[in-house]
Amino acid sequence: MTSLSEIFSVLSDDDSLRIIQMIVDHRDPKITDFESPKRYYTRLSKLKNALIIKRKGRSYELTAFGLVIYDMIQTVKLAHDLHWKLQVIDAIEDRVPDVERRQIIESLIADRSIRRSLTEIRLANVEPTKVD
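First residue of the sequence shown: 142, per the numbering used here; consecutive thereafter.
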């Protein structure tokens with residue numbers, strides 16, 4: 142199994158991300174889409190070794206793991222697009238009560254999964270710890 146750092150390394154390459162998007166868009170990646178055959182084959186190989194894509198007949202498709210990775214990529218893209226709203230939320234972090242903070246998040250962030258990350262997951266991770 143590929144390590145988490147290896148998966149992030151594969152995903153940190155724009156060509157790999159482009160191949161994933163091409164497969165999602167039902168466009169088979171071709172050598173001519175890349176600067177060189179080596180770049181094309183290297184990226185395909187890394188994506189296959191990371192179990193993100195697989196060959197099916199003459200084309201490629203995302204594996205089940207690849208579909209989860211694709212969903213994660215879309216969430217990261219959305220968070221990137223919302224960066225200024227996230228900065229606002231960071232700026233009010235300790236200045237307003239949690240109830241008001243939640244209302245601000247709900248008014249600024251339409252995506253449920255990102256809202257959940259900012260509210261439920263955050264609150265679960267900031268519970269006071271017991272000191273013995």
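The C-beta atom is built at its ideal place from N, Cα and C for all residues, glycine as well. The structure presented is a predicted model; accordingly, all values stated were derived computationally and were not measured.
Using only the alpha-carbon positions, how far apart do residue i and residue j sit?
| i | j | result |
| --- | --- | --- |
| R184 | D156 | 7 Å |
| I255 | T216 | 8 Å |
| D169 | E261 | 39 Å |
| F206 | Y182 | 21 Å |
| D239 | I233 | 10 Å |
| H221 | R236 | 24 Å |
| R253 | R242 | 15 Å |
| I148 | K179 | 20 Å |
| H167 | R196 | 13 Å |
| M163 | D174 | 10 Å |
| S177 | L223 | 34 Å |
Using only the heavy atoms of the ligand PLP, determine whether one of them is closer than 7 Å to the beta carbon of residue i.
| i | result |
| --- | --- |
| S146 | Summarising the ligand content, the structure contains no ligands, and the ligand PLP is consequently not present. |
How about residue i and residue j: are their beta carbons less than 8 Å apart?
| i | j | result |
| --- | --- | --- |
| L203 | V165 | yes |
| K218 | I250 | no |
| L106 | I230 | The shown model of the chain, from 142 to 273, leaves out residue 106, and the question about it has no answer. |
| I210 | Y201 | no |
Could you have a look at residue i and say whether DSSP puts it in helix, strand or coil?
| i | result |
| --- | --- |
| L203 | strand |
| K171 | coil |
Let's test the definition: count the other Cβ atoms within 10 Å of the Cβ of residue i and tell me whether it reaches 16, buried, or not, exposed.
| i | result |
| --- | --- |
| I161 | buried |
Exercise. Using 8 Å as the threshold, is the segment 184-200 in touch with the segment 240-252, meaning 3 or more CB pairs across them?
Worked result: In this structure the segment 184-200 does not touch the segment 240-252; the number of beta carbon pairs closer than 8 Å is below three.
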